[in-house]
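Single-structure report; data block below.
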Amino acid sequence: MARLVKGDKFPDFKVNTILGNQLNEGLTISEITAGKPTMFWFLRYMGCPPCRLDVHLLTMKKPEFDAKGVNIVVVMQSKPEIVLRDMNGQTLPFHLVCDPTESLYKELEIGSFDPNNRGEMNEAEQARMAVKIQGMKENGYEHGDYEGNEQQLPAFFAVDGEMNVLEAHYARNLGDMPFAKEVLEKYF
11 MARLVKGDKF PDFKVNTILG NQLNEGLTIS EITAGKPTMF WFLRYMGCPP CRLDVHLLTM
71 KKPEFDAKGV NIVVVMQSKP EIVLRDMNGQ TLPFHLVCDP TESLYKELEI GSFDPNNRGE
131 MNEAEQARMA VKIQGMKENG YEHGDYEGNE QQLPAFFAVD GEMNVLEAHY ARNLGDMPFA
191 KEVLEKYF
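In terms of my numbering, the sequence shown opens at residue 11 and continues consecutively.
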């Protein structure tokens, strides 16, 4: 499959997810989205502090997504048992897809940092990273288990209720990911 672009159909993968504090095995993307507009947020893994902060921020924004009838689905390279352990009994209000084999990242061609060229951040990206760094400090997020591809770049996909891609954003660095509120305001 090639990289997704606006107007493509989002593929209907079979996945394992965490919702609440339960493992759900063998769900399809269409079962998870249930015909509602959905924001897919691809991150690295639970032990990654900026990724853990993103999960926290998306949890905090969930009521605003609900008010607009929009699902949130997070995809990580973590194993389910690590997600459940690292959530420390907290419940996830959205599906977190566990993809420890990185098959979805490969299928959607979500790339990695080039170790020789990690990408210069522009002013907006630097500002986003400064906010994230402050949020990681305030929430005490330190690096946990290393899983998956440490050089993995993030991505997000906004889709309508029929799985048509409204936006496909392949980040070029960690600062090149918008905040959830920006996605909600722009696409839903």
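Note that CB positions come from ideal geometry on N, CA and C, so glycine has one too.
| request: Report the three-state DSSP secondary structure of D170 (helix, strand or coil). | output: As a working mapping, residue 170 is identified with position 160 in the sequence shown. D170: coil per DSSP, three-state reduction.
| field | Contacting residues, own chain, Cβ-Cβ under 6 Å from K19 (five flanking each side not counted) | value | Numbered from 1 along the sequence shown, position 9 holds the residue referred to as residue 19. The beta carbon of K19 is closer than 6 Å to those of M173 in its chain, skipping five residues each way along the sequence.
| field | Bridge-paired residues (DSSP) for I82 | value | Working through the sequence shown from its first residue, we reach residue 82 at position 72. M49.
| With a CB to CB cut of under 7 Å and the five nearest residues on each side skipped, what residues in its chain are close to K142? | Here residue 142 refers to the residue found at position 132 of the sequence shown. Once the five neighbours on either side are set aside, the close Cβ partners of K142 are P60 and L63.
| said: Checking the sheet assignment: what are the DSSP bridge partners for Q162? | reply: As a position in the sequence shown, residue 162 is number 152, starting the count at 1. For Q162, the pairing in a beta bridge is given by DSSP as S122.
| E177 - partner residues in DSSP beta bridges | Along the sequence shown, one-based indexing puts residue 177 at 167. E177 is bridged by DSSP to A168.
| field | Reduced DSSP category for C61 - H, G, I as helix; E, B as strand; rest coil | value | To locate residue 61, count along the sequence shown from 1; it is residue 51. The answer is helix: DSSP assigns C61 an H, G or I state.
| task | Within 10 angstroms of the Cβ of M70, are there 16 or more other Cβ atoms? Answer buried if so, exposed if not. | result | Stepping through the sequence shown from its first residue, residue 70 is reached at position 60. In summary, M70 is exposed, with fewer than 16 beta-carbon neighbours lying within 10 Å of its beta-carbon over all protein chains present.
| message | With H, G and I counted as helix, E and B as strand and the rest as coil, what does DSSP make of N183? | response | By one-based count along the sequence shown, residue 183 stands at place 173. Reduced to three states, the DSSP call for N183 is coil.
| task | Could you tell me how far apart the beta carbons of E112 and G158 are, in whole angstroms, since I believe they sit closer than 8 Å? | result | Translated into positions along the sequence shown, residue 112 becomes position 102. Translated into positions along the sequence shown, residue 158 becomes position 148. Contact holds; Cβ gap of about 6 Å.
| Between which two residues does the alpha helix (DSSP H) containing P90 stretch? | For this step, residue 90 is matched to residue 80 along the sequence shown. P90 to D96 is the span of the alpha helix (DSSP H), which, as asked, contains P90.
| request: My understanding is that K89 touches C58, with C-beta atoms under 8 Å, so please give their C-beta distance in whole angstroms. | output: Residue 89 sits at position 79 when you count from the first residue of the sequence shown. Residue 58 sits at position 48 when you count from the first residue of the sequence shown. With a contact defined as Cβ atoms closer than 8 Å, K89 and C58 miss out at about 14 Å.
| request: Measure the alpha-carbon distance for P110 versus E119 and round it to whole angstroms. | output: Taking the sequence shown and counting its residues from 1, the one referred to as residue 110 is at position 100. Taking the sequence shown and counting its residues from 1, the one referred to as residue 119 is at position 109. Their Cα atoms are separated by approximately 16 Å.
| Sorted by chain position, which residues of the same chain lie with C-beta nearer than 7 Å to L176's C-beta, five sequence neighbours on each side aside? | Residue mapping note: residue 176 aligns to position 166 of the sequence shown, counting from 1. K16, A168, V169, D170 and Y197, listed in sequence order.
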